[in-house]
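A.B. asks:
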Amino acid sequence: MTAPSIYVHIPFCEQICFYCDFNKFYIKNQPVDEYVEVLGEEIKQVIAMDEKPSIETIYIGGGTPTALNEQQLKQVLDDVNAAVKDPAAVREFTVEVNPGEADRGKFQMMRDAGVNRLSIGVQSFDDKLLQKIGRGHSAEEAVETIALAKSVGFENISVDLMFGLPEQTMQTWKHTIAKTLELDVPHISAYSLKIEEKTMFYNWYRQGKIQPLPEDTEAEMYEVLVSALTSAGYIPYEISNFSKHGMDSEHNKTYWKNMEYYGVGAGAHGYLNGVRYANIGPLPHYIKAVENGESAVKEHHEVPKTEMMEEEMFMGLRMKDGVEADRFQDKFQTSYYEIFPDVIHDLTEQELLYDSGRSLHLTEKGKLLGNEVFEKFLLVY
Ligand code: SF4
Numbered sequence: 001m002t003a004p005s006i007y008v009h010i011p012f013c014e015q016i017c018f019y020c021d022f023n024k025f026y027i028k029n030q031p032v033d034e035y036v037e038v039l040g041e042e043i044k045q046v047i048a049m050d051e052k053p054s055i056e057t058i059y060i061g062g063g064t065p066t067a068l069n070e071q072q073l074k075q076v077l078d079d080v081n082a083a084v085k086d087p088a089a090v091r092e093f094t095v096e097v098n099p100g101e102a103d104r105g106k107f108q109m110m111r112d113a114g115v116n117r118l119s120i121g122v123q124s125f126d127d128k129l130l131q132k133i134g135r136g137h138s139a140e141e142a143v144e145t146i147a148l149a150k151s152v153g154f155e156n157i158s159v160d161l162m163f164g165l166p167e168q169t170m171q172t173w174k175h176t177i178a179k180t181l182e183l184d185v186p187h188i189s190a191y192s193l194k195i196e197e198k199t200m201f202y203n204w205y206r207q208g209k210i211q212p213l214p215e216d217t218e219a220e221m222y223e224v225l226v227s228a229l230t231s232a233g234y235i236p237y238e239i240s241n242f243s244k245h246g247m248d249s250e251h252n253k254t255y256w257k258n259m260e261y262y263g264v265g266a267g268a269h270g271y272l273n274g275v276r277y278a279n280i281g282p283l284p285h286y287i288k289a290v291e292n293g294e295s296a297v298k299e300h301h302e303v304p305k306t307e308m309m310e311e312e313m314f315m316g317l318r319m320k321d322g323v324e325a326d327r328f329q330d331k332f333q334t335s336y337y338e339i340f341p342d343v344i345h346d347l348t349e350q351e352l353l354y355d356s357g358r359s360l361h362l363t364e365k366g367k368l369l370g371n372e373v374f375e376k377f378l379l380v381y
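The sequence shown begins at 1 in the UniProt record's numbering and counts up one residue at a time.
#1: Of the choices L352, F25, E349 and I188, whose alpha-carbon is the least far from that of G281?
#2: Are there any heavy atoms of the ligand SF4 lying less than 7 Å away from the beta-carbon of I210, as far as the coordinates show?
#3: Expressed to the nearest angstrom, what Euclidean distance is found between the alpha-carbon atoms of H345 and K305?
#4: My parser needs the alpha helix (DSSP H) runs of 4 or more residues fully inside the stretch 259 to 337; what are they?
#5: Roughly how many angstroms separate the alpha carbons of S249 and I120, rounded to a whole number?
#6: Select from A278, M308, V290 and L283 the residue whose C-alpha is nearest the C-alpha of K298.
#7: Tell me, please, whether the stretch 82 to 89 touches the stretch 232 to 245 by the rule of three or more beta-carbon pairs shorter than 8 Å.
#8: I believe M315 touches W256 by the beta-carbon criterion, under 8 Å. Please report the beta-carbon distance rounded to the nearest angstrom.
#9: With the cut-off set at 8 Å, would you say M313 and V303 are in Cβ contact?
#10: Below 7 Å CB to CB, which residues in the same chain sit around V311 once its five sequence neighbours on both sides are set aside?
#11: Using the DSSP secondary-structure output, state which residues sit across from L245 in a beta bridge.
#12: Leaving out five residues on either side along the sequence, give the residues of the same chain with a beta carbon under 7 Å from the beta carbon of K365.
#13: Out of K74, A48, Y19 and I27, state which residue places its alpha-carbon closest to the alpha-carbon of Q123.
#14: Can the beta-carbon of R276 be found closer than 8 Å to that of H251?
#15: Which first and last residues belong to the alpha helix (DSSP H) in which N203 is found?
#16: Buried or exposed for D184, going by 16 or more other Cβ atoms inside 10 Å?
#17: How many Å lie between H269 and A296 at the Cα?
#18: Inspect the beta-carbon positions of L368 and Y222 and report whether they are closer than 8 Å.
#19: Pull up the distance between the alpha-carbon of H285 and that of E41, whole angstroms please.
#20: In this structure, how does DSSP classify A48 when only helix, strand and coil are distinguished?
#21: Considering only residues of the same chain and omitting the five flanking positions on each side of A219, which have a CB-CB separation below 6 Å?
#22: Would you say Q45 faces chain C, with C-beta separation under 8 Å as the test?
#23: I'd like to confirm something about K24: is its beta-carbon nearer than 7 Å to some heavy atom of the ligand SF4, or not?
#24: Just how far apart, CA to CA, sit Q15 and G136?
#25: Please report how far the alpha carbon of F201 lies from the alpha carbon of P4, in whole angstroms.
#26: Does the Cβ of I60 lie closer than 7 Å to at least one heavy atom of the ligand SF4?
#27: For my contact list, I58 and L118 are in at a C-beta cut-off of 8 Å; report their separation, rounded to the angstrom.
#28: Can you give the Cα-Cα distance for H187 and L225, rounded to whole angstroms?
#29: So if DSSP puts N23 in a beta bridge, which residue, or which two residues, is it bridged to?
#30: Where do the N-terminal and C-terminal ends of the alpha helix (DSSP H) with G370 fall, by residue?
#31: What's the C-alpha gap between V290 and G357?
#32: Assign E101 to buried or exposed, taking buried as 16 or more other Cβ atoms, counted over all protein chains shown, within 10 Å of its Cβ.
#33: Quick one: using the 10 Å Cβ neighbour count with 16 as the cut-off for buried, is N98 buried or exposed?
#34: Buried or exposed: where does T230 fall if 16 or more other Cβ atoms within 10 Å of its Cβ makes it buried?
#35: What did DSSP end up calling I239 once you bin it into helix, strand or coil?
#36: Check whether the Cβ of G263 sits closer than 7 Å to any heavy atom of the ligand SF4, and report yes or no.
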């Protein structure tokens with residue numbers, strides 16, 4: 001069986017952000033050329049193994065793909081295109097971009113390779129805050145990068161923002177939202193900070209050097225965001241994602257719809273033939289495995305049907321369209337009311353869920369307490 005989407009991981013960054021727990025490495029002195037070559041091998045082994053698949057969405061993420069030089073990034077894009085049955089039929093081809101890391105030549109090369117969507121890691125328009133979270137760019141560089149991307153012809157641009165950051169104020173958050181709206185991009189993602197283990201923030205938090213914002217301030221920031229973006233014409237099609245003119249992230253929708261996808265690169269995750277897998281993270285081990293013609297997969301998990309149903313609920317509820325009754329029935333030959341009668345009943349009583357007749361959705365209150373709602377579906381089995 002083949003999957004409709006591909007995720008490619010580029011694990012290098014020009015600077016390591018204090019909050020980040022992704023599989024990434026400071027690029028200096030890393031074997032980047034070797035990684036690009038080996039990644040091309042893995043792409044061949046995993047994606048174009050027998051017959052080239054028909055692919056609808058491709059996402060090059062990281063790390064930071066634009067930490068690669070133009071030639072290295074071109075090689076990755078060419079290798080992915082070569083593994084796909086019909087590159088011209090790919091509907092959405094996204095590359096993550098960090099402000100200040102792509103010049104006109106790099107952007108033009110991406111367009112020539114079929115990239116039609118950029119996801120730009122802006123995070124904030126407050127320079128002091130950018131420094132405090134360890135970003136390597138200024139607010140001005142973000143504005144310039146977006147203007148440059150547009151001038152090269154990119155229309156489908158997404159901006160990533162963060163809120164709930166230590167020392168972030170409501171005033172600076174409102175300023176960031178206002179500056180983002182001025183950019184007139186069709187897609188905005190906004191995530192609240194989670195202090196993850198193995199990050200600088202985690203160490204500082206344990207040492208009492210930083211404090212997360214109070215939960216109610218973070219909730220208020222989310223409400224301010226939703227209000228400003230919906231007033232400006234954006235549709236909150238997923239809890240953390242907002243789009244105009246129907247320019248939703250088609251690739252991310254495959255995750256929320258619990259669909260399968262190829263994942264390649266060091267530390268990448270994938271989901272194929274009912275099996276979720278994670279690749280080896282450390283570069284030397286990943287490179288050695290692929291060079292030896294071995295699988296880069298470190299661990300895999302065959303997903304039982306019960307778990308698929310749980311995932312279907314908590315991923316699907318993130319979206320405005322919710323979990324469609326017919327889709328659930330077709331996929332699992334049963335109804336969600338059969339599987340989760342008490343959970344759905346209790347959450348509906350608490351006004352966290354509602355049934356539109358065709359699908360189940362989070363209420364506004366449910367969106368604010370999303371994780372608590374999702375957990376309920378995990379506790380069933
Ligand atoms: S947030 Fe992005 S740029 Fe920053 S360290 Fe993580 S992967 Fe690299």
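The beta carbon of each residue, even a glycine, is placed where N, CA and C say it ideally should be.
C.D. replies: Answer, in terms of the structure:
#1: Comparing Cα-Cα distances from G281 to each of L352, F25, E349 and I188, the minimum goes to F25.
#2: Incorrect: I210 has no Cβ contact closer than 7 Å to the ligand SF4.
#3: Computed Cα separation, rounded: 22 Å.
#4: List check, alpha helix (DSSP H) in window: 283 to 291, 305 to 316 and 325 to 332.
#5: Taking the straight line joining both Cα atoms gives about 13 Å.
#6: The shortest C-alpha separation from K298 is found at A278.
#7: Note that the stretch 82 to 89 does not touch the stretch 232 to 245; fewer than 3 beta-carbon pairs, one per stretch, sit closer than 8 Å.
#8: Indeed they touch by this definition, with Cβ atoms about 5 Å apart.
#9: Taking the C-beta atoms as reference points, V303 is found no nearer than 8 Å to M313.
#10: In the sequence as presented, Val is not what sits at residue 311; that position holds Glu. Result list for E311: N258, in chain order.
#11: Reading the sequence as shown, one finds His at residue 245 and not Leu. Residue pairing of H245 in beta bridges, as defined by DSSP: absent, with no partner found.
#12: Hits under 7 Å: E351 and L352.
#13: That would be Y19, whose Cα lies nearest to the Cα of Q123.
#14: No Cβ-Cβ contact shorter than 8 Å links R276 with H251.
#15: According to the DSSP assignment, N203 belongs to the alpha helix (DSSP H) that extends over M200 to R206.
#16: D184 is classed as exposed because its beta carbon has fewer than 16 other beta carbons within 10 Å across all chains shown.
#17: Linking H269 to A296 through their CA atoms gives a straight-line distance of about 11 Å.
#18: In this structure, Y222 lies closer than 8 Å to L368 by Cβ.
#19: Rounded to whole angstroms, H285 to E41 spans 15 Å at the Cα level.
#20: For A48, the three-state secondary structure derived from DSSP is coil.
#21: Excluding residues up to 5 positions away in sequence, L368 lie with their Cβ nearer than 6 Å to the Cβ of A219 in the same chain.
#22: You won't find chain C in this structure, because it holds only one protein chain.
#23: Yes, the Cβ of K24 comes within 7 Å of a heavy atom of the ligand SF4.
#24: Rounded to the nearest whole angstrom, the C-alpha separation of Q15 and G136 is 6 Å.
#25: Near 36 Å, if we compare the C-alpha coordinates of P4 and F201.
#26: No, the beta carbon of I60 sits no closer than 7 Å to any heavy atom of the ligand SF4.
#27: The C-beta distance from I58 to L118 rounds to 13 Å, too long to meet the 8 Å contact threshold.
#28: Rounded to whole angstroms, H187 to L225 spans 13 Å at the Cα level.
#29: Paired residues: none, contrary to the question.
#30: The continuous alpha helix (DSSP H) containing G370 extends over residues G370 to L378.
#31: Linking V290 to G357 through their CA atoms gives a straight-line distance of about 50 Å.
#32: The residue is buried, with at least 16 neighbouring Cβ atoms inside 10 Å.
#33: When all chains shown are included, N98 counts as buried.
#34: Label assigned to T230: exposed.
#35: In this structure, I239 counts as coil in the three-state DSSP scheme.
#36: G263: no, Cβ never under 7 Å from the ligand SF4.
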